[in-house]
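Report on the structure given below.
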Amino acid sequence: MSYFICPTCNEKHYIFGEGGARKISEQFKIPFLGEIPLNSGIMSGSDLGKPIIITNPDSPSAIAFRSSAKNIAAQCSILAAKMQEEMKSESENKPADDSPQIN
Ligand SMILES: [Zn+2]
Numbered sequence: 008m009s010y011f012i013c014p015t016c017n018e019k020h021y022i023f024g025e026g027g028a029r030k031i032s033e034q035f036k037i038p039f040l041g042e043i044p045l046n047s048g049i050m051s052g053s054d055l056g057k058p059i060i061i062t063n064p065d066s067p068s069a070i071a072f073r074s075s076a077k078n079i080a081a082q083c084s085i086l087a088a089k090m091q092e093e094m095k096s097e098s099e100n101k102p103a104d105d106s107p108q109i110n
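Each residue of the sequence shown is one higher than the one before, counting from 8 in my numbering.
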């Protein structure tokens with residue numbers, strides 16, 4: 008959760024501090040996946056088994072969830088491609104021997 012959009016003043020309130028996850032991701036050189044605005048609909052909907060992405064799909068929180076999900080999927084794809092490349096180069100650089108190969 009990143010900030011709360013106040014229904015009274017319509018301003019963003021950073022109740023957990025601002026930019027902490029982004030700073031940590033930069034510090035540890037890991038991808039920043041997104042920030043989810045806090046919304047009372049998240050809690051009430053979750054308790055009823057109805058995610059905000061269904062109950063209020065155009066809300067900033069639902070948009071942020073979709074964006075974060077896309078970033079997670081993209082990072083999974085990047086990691087899978089890197090792992091395939093590593094496995095490929097390991098198998099190409101492996102010295103030939105007489106042990107049976109499992110493919
Ligand atoms: Zn306010």
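No residue lacks a Cβ here, since even glycine has one placed at the ideal position from N, Cα and C. Predicted, not measured: the structure shown is a model, and the values here were computed from it.
**Simplified DSSP state of F72, which is helix, strand or coil** = helix
**Item:** Check: T15 C-beta below 7 Å from any heavy atom of ligand 1
**Value:** yes
**Residue burial classification, L45 (beta-carbon count within 10 angstroms, cutoff 16)** = buried
**Item:** P64 and I12 closer than 8 Å at C-beta
**Value:** no
**Asked** Quick one, which of F35, G56, L40 and I60 has its alpha-carbon nearest N78's?
**Response** L40
**Asked** Straight-line CA distance for M50 to E33?
**Response** 29 Å
**Message:** Going by the DSSP bridge assignment, what does K19 pair with across the sheet?
**Reply:** I12
**Request:** Quick one: give me the first and last residue of the alpha helix (DSSP H) that K36 is part of.
**Result:** Looking at the DSSP string, K36 is not in any alpha helix (DSSP H), and its letter there is neither H nor E.
**Message:** Taking the alpha carbon of I22 as the reference point, which residue from S9, R29 and E93 has its own alpha carbon closest?
**Reply:** S9
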